[in-house]
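Trainee:
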């Protein structure tokens with residue numbers, strides 16, 4: 001897997017949300033690399049379901065799209081899929097261009113105001129700009145924070 005940027009520890013994010021994790025995002029990438037050797041990362045996300053944090057990593061190798069979902073509390077692979085799909089090499093993510101990892105972006109969004117917890121964090125490419133879409137929740141309220149992955153700038157903070 002082509003990983004060019006070391007990732008921050010997820011402890012700050014999980015500590016803020018009250019969740020527990022046995023592994024960091026960096027360790028999840030290593031698990032994915034071991035199970036999907038030679039592939040390039042296409043998409044990354046953190047998902048929280050029923051109090052459990054999952055890392056979801058999509059990658060590709062040749063014409064095969066691969067997805068792996070890892071439980072962050074116990075390092076177990078809970079889902080792994082492969083399917084034939086024509087993907088362009090330009091879809092591989094060059095992390096060396098990012099100033100923030102997905103963990104750091106989630107921490108930055110959570111630091112905006114106390115009381116919010118992480119619901120989901122996704123990496124997306126909008127018109128050639130890599131962004132993190134962070135979804136937070138507090139009681140029945142939702143908040144979406146969009147952060148430029150390359151500059152670290154908060155682009156949007158919407159409740």
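Residue numbers (the UniProt record's numbering): 1 to 159. Glycine included, every Cβ here is placed at the ideal spot set by N, Cα and C. Keep in mind that this is a model prediction, so the values were computed, not measured.
Less than 8 Å between the beta carbons of residue 64 and residue 32, yes or no?
Mentor: Contact: no.
Trainee: How should residue 6 be labelled, buried or exposed, when 16 other C-beta atoms within 10 angstroms of its C-beta is the threshold for buried?
Mentor: With a pLDDT of 28 at residue 6, under the threshold of 50, the modelled position of this residue cannot be trusted, and the question is left open.
Trainee: What's the C-alpha gap between residue 82 and residue 66?
Mentor: Rounded to the nearest angstrom, the two C-alpha atoms are 4 Å apart.
Trainee: Please report the residue range of the beta strand (DSSP E) in which residue 30 lies.
Mentor: Taken as a continuous stretch (DSSP letters only), residue 30 belongs to no beta strand (DSSP E), being part of the alpha helix (DSSP H) at 25-35.
Trainee: For residue 125, write down the residues that DSSP places opposite it in a beta bridge.
Mentor: In DSSP, residue 125 forms a bridge with 130.
Trainee: What separation, rounded to the nearest whole angstrom, lies between the Cα atoms of residue 73 and residue 128?
Mentor: Cα to Cα, residue 73 sits roughly 34 Å from residue 128.
Trainee: Check each candidate in 151, 40, 55 and name the one with the smallest Cα separation from residue 47.
Mentor: Measuring from the Cα of residue 47, the nearest candidate turns out to be 55.
Trainee: Could you tell me if residue 104 is buried or exposed, where buried requires 16 or more neighbouring beta carbons within 10 angstroms of its beta carbon?
Mentor: With 16 or more Cβ atoms within 10 Å of its Cβ, residue 104 is classed as buried.
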